[in-house]
Amino acid sequence: MARKDIKKLIEKAVKELYKIDAEVKIDRPQDLAFGDYSTNVAMTIKKNPQEIANAIKSGLLEKIEVKNGFVNFFLSKEYLQNQVREILKQKESFGEIETGKGKKINDEFISANPTGPLTLGNGRGGFCGDVLANILEKASFKVVREYYINDTGEQIRKLGHSVLGDEEAVYKGAYIEELRKKIKIDNPEKAGEKAAKIILEEMIKPAIKKIGIKFDVWFSEKSLHEKKQIEKALEFLKAKSLSYEKEGALWFKTTNFGDDKDRVLIKADGETTYLASDVAYLKNKFERGFEKLIFFWGADHYGYIARIKAATEALGYKKEQIDIIIEQLVRLIENGKEVKMSKRSGIYVTIDELIGEVGLDAARFFFLTRGADSHLNFDLNLAKEKTEKNPVYYVQYAHARICSIIKKSKIKNQKLKSEYEDLKLLNHASELNLIKQLIRLPEIVEDTAEDYQIQRLPQYSIDLATAFHVFYRDCRVINEDGNSNNQRIALLLATKTVLENTLKLMGISAPEKM
RNA sequence: GCCCCUGUAGUUCAACGGAUAGAACAAUCCCGUCCUAAGGGAGAAAUUGGGGGUUCAAUUCCUCCCAGGGGCACCA
């Protein structure tokens, strides 16, 4: 990666010049006039940028300029041309980096209660959780995608009551009516469990399959009870003197770890709380050897963070091993007004409806474009209208155009190989700019695996597509006489590869024609 | 009351503490096709909610205020 190499060069130069270890950051300036990369290190260590620039020599670089205190680096044509060959060599593995070194990460997302269909909000977390897993895998982490099923407890009993249609019913909707026909059990708890199973198998799992997500582990809360793991977790806390009895309940001293107040593990009526299950579940996850646990939660679960971190520390692990990504809630807008979504009231937009109306690729792109912190509004009618204008088609169109040219060129792969030896004719500004976009992918993967800002990826795919469309305008691949320019075919194939790899990371298809 | 998130162009969103705050959609105009015009280009549109502060440099960090969303259970 050029960025890494430049960083090393600067660090070395600074060390030799001033005998200090400066923290060097390499940026990509927005304006290409400021170079392909730049650094502000001269300003942060208050030294002369020209002096630093003079100390650097590399075949990577065509020139180094100093402006406004920044040192700007311009990549050489030779380096860029060689990258095309590199991409063609690496193919689908282009973009992979080694930072993860095979470390095991558990990525838990969606984990919606099996009390109803998956909705918009679940989709947001689902797409983001899935794509983060893709990125982490690209960064050489070993990722397990996990879904936690709350298949026992209060909400399951309530589901049972709802199916039975008694006065304790809370869930509404056509699916409850359907379940009522299928389930002939009088006991609310048993009826609830049966209903949960049907909802999971016939509603949730098919919806997840439909949106292109594959979970490695479906983890049942009930299994924690059955395997006595909750008991063991509680014994563990007791042995560490981290729990105590008060007013007939068993409490967990979460305040020892920074929580506002202690929390109940076993209620006075003898039932364990959700937290008790979670302590056991956390213990289970860590014992499976994960170095890091990622959770995608909706903002309504914010209050739970302190508890989970406390539990992590109580179990003897570091709270840094837990990364909780809070997705702000999706607001449903209808006729310009917010409609409160709620499974209990039966007002929501399901994943099935969403995909049916706007399609999977557009839906994925829509959600991936927005950062987790944005409180996004979702207007289904507007989304339907805007579907045709979704930028995802702009990106896919670039891929389709490439496929079309390649098909037309009738070039054979074997013949091409020898042509790659020389790519020196790729000199046009639009060709070089396209290559500059291509080589960003590993950097995008590196940065995103680090900070989880998934929206960087769709943004990048648009930049990449734009660079291609400009190249398409400026540089003909198939000449008027019908012969093709093989070096440009090579660039085309490299672009196709990078587009495919990027779309694959987002879980979006790369159509050959549109 | 306390905690978290948000407030950026007409709209929906971007922007590792950096250079002239970027896109897309909408609105205006140009390029009539020759490898897919689902494309390309030009211009217009922003006092980044408001006031202080830290910094060589603030949309970004701190602080106060205003507005909105979420959370503060022996619920999940």
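Position 287 of the first sequence, counted from 1, bears residue number 286 in numbering that gives the first Met the number 0, the numbering being contiguous throughout.
From the three backbone atoms N, C-alpha and C, an ideal C-beta is built for every residue, glycine too.
Computed from a predicted model, the values in this text were never measured in an experiment.
* What's the gap between the Cα of K102 and the Cα of K291? -> In this structure, the straight-line span from the alpha carbon of K102 to that of K291 is close to 9 Å.
* Asked: Is the segment 207 to 225 in contact with the segment 175 to 188, if contact means three or more CB pairs nearer than 8 Å?
  -> Flag = no, the segment 207 to 225 and the segment 175 to 188 do not touch.
* Taking S219 and D150 to be in contact with their CB atoms under 8 Å, please state how far apart those CB atoms are, rounded to whole angstroms. => The pair is a contact, with the Cβ atoms about 5 Å apart (cut-off 8 Å).
* Asked: If you scan the segment 441 to 509 from start to end, which runs of the beta strand (DSSP E) of 3 or more residues do you find wholly inside it?
  -> Fully enclosed beta strand (DSSP E) runs of 3 or longer: not present.
* **Continuous alpha helix (DSSP H) stretch holding D129: start and end** => L119 to K137 is the span of the alpha helix (DSSP H), which, as asked, contains D129.
* What are the boundary residues of the alpha helix (DSSP H) that includes D106? -> Premise fails: D106 lies in the beta strand (DSSP E), K103 to E107, not in any alpha helix (DSSP H).
* Asked: How about E188 and I155: are their beta carbons less than 8 Å apart?
  -> Yes.
* **Spatial neighbours of K14 in its chain, beta-carbon cut-off 7 Å, leaving aside the 5 residues before and after** => Result list for K14: D20, in chain order.
* Asked: Which two residues bound the contiguous alpha helix (DSSP H) that contains Y301?
  -> No alpha helix (DSSP H) holds Y301; DSSP gives it neither H nor E.
* Which residues bound the beta strand (DSSP E) around K3? -> Run containing K3: none in the beta strand (DSSP E); it sits in the alpha helix (DSSP H), A1 to Y17.
* Asked: According to the neighbour-count rule (16 or more other Cβ atoms, all chains shown, within 10 Å of its Cβ), is V216 buried or exposed?
  -> Flag for V216 reads exposed.
* R144 in three-state terms, based on DSSP -> The DSSP-derived three-state label of R144 is strand.
* Counting only the same chain and skipping the five closest in sequence on each side, list residues whose C-beta sits under 6 Å from that of A309. => Closer than 6 Å at the Cβ level, and outside the excluded window around A309, lie T253, F256 and D258.
* Helix, strand or coil for A397 per DSSP? -> Helix, per DSSP.
* **Unbroken alpha helix (DSSP H) run spanning Y273, endpoints** => Secondary structure note for Y273: its alpha helix (DSSP H) is the uninterrupted segment Y273 to E286.
* **Selection from G481, C474, K18 and E107 that minimises the alpha carbon distance to E430** => Of the candidates G481, C474, K18 and E107, the one whose C-alpha sits nearest the C-alpha of E430 is C474.
* To do: Can you grab the Cα-Cα spacing for the pair I323 / N376, in whole Å?
  => I323 and N376: Cα-Cα distance of roughly 22 Å.
* Which residues bound the alpha helix (DSSP H) around V162? -> Residues E153 to L163.
* To do: Taking 8 Å as the cut-off, decide whether the C-beta atoms of G115 and G297 are in contact.
  => No, the pair does not count as a contact, with Cβ atoms beyond the cut-off.
* Helix, strand or coil for I44, going by three-state DSSP, please let me know. => DSSP, read as helix, strand or coil, puts I44 in coil.
* Looking at L422 and Q320, is the spacing between their C-beta atoms short of 8 Å? -> Their beta carbons are not under 8 Å apart, which means Q320 does not touch L422 by this criterion.
* Of the residues L236, F126, L163 and Y170, the one placed nearest A206, counting alpha carbons only -> Closest in alpha carbon position to A206, among L236, F126, L163 and Y170, is F126.
* So, T98 versus E333, is the Cβ gap smaller than 8 Å? -> In this structure, E333 does not lie closer than 8 Å to T98 by Cβ.
* Asked: So who's on the other strand from F377, going by DSSP bridges?
  -> For F377, which the question treats as bridged, DSSP gives the partners L331.
* Asked: Taking the DSSP output, what are the residues bridged to F218?
  -> Bridge partners of F218: Y147.
* Asked: Just how far apart, CA to CA, sit L131 and I453?
  -> Straight across, the Cα-Cα distance linking L131 with I453 is about 7 Å.
* A248 - partner residues in DSSP beta bridges -> A248 is bridged by DSSP to K245.
* Asked: By the 10 Å Cβ neighbour count, where 16 or more other Cβ atoms means buried, how is R2 classified, buried or exposed?
  -> R2 should be labelled buried.
* To do: Starting from the Cα of N484, find the closest Cα among I405, S57 and Y393 and give me that residue.
  => Closest by alpha carbon: I405.
* Asked: What residue does the beta strand (DSSP E) around T38 start on, and which one ends it?
  -> Counting along the chain, the beta strand (DSSP E) containing T38 begins and ends at Y36 to T38.
* Let me know if D129 comes out buried or exposed under the rule of 16 or more other beta-carbons within 10 Å of its beta-carbon. => Burial check for D129: the Cβ neighbour count within 10 Å reaches 16 or more, so the residue is buried.
* Pick helix, strand or coil for V357, following the three-state DSSP scheme. => When DSSP states are grouped into helix, strand and coil, V357 belongs to the helix group.
* **Presumed contact (8 Å Cβ cut-off) between L281 and T311, rounded CB distance** => 6 Å between Cβ atoms; contact.
* To do: Can you tell me which of V329, E499 and F366 puts its alpha carbon nearest to the alpha carbon of H374?
  => Comparing Cα positions, the closest option is V329.
* **Cα-Cα separation, D450 to L163** => Here the C-alpha atom of D450 lies approximately 47 Å from the C-alpha atom of L163.
* How would you label Q413, buried or exposed, when you count the other beta carbons within 10 angstroms and need 16 or more for buried? -> Legend: pLDDT at Q413 = 45, less than 50; position of this residue unreliable, value from coordinates given subsequently. With fewer than 16 other Cβ atoms inside 10 Å of its own Cβ, Q413 counts as exposed.
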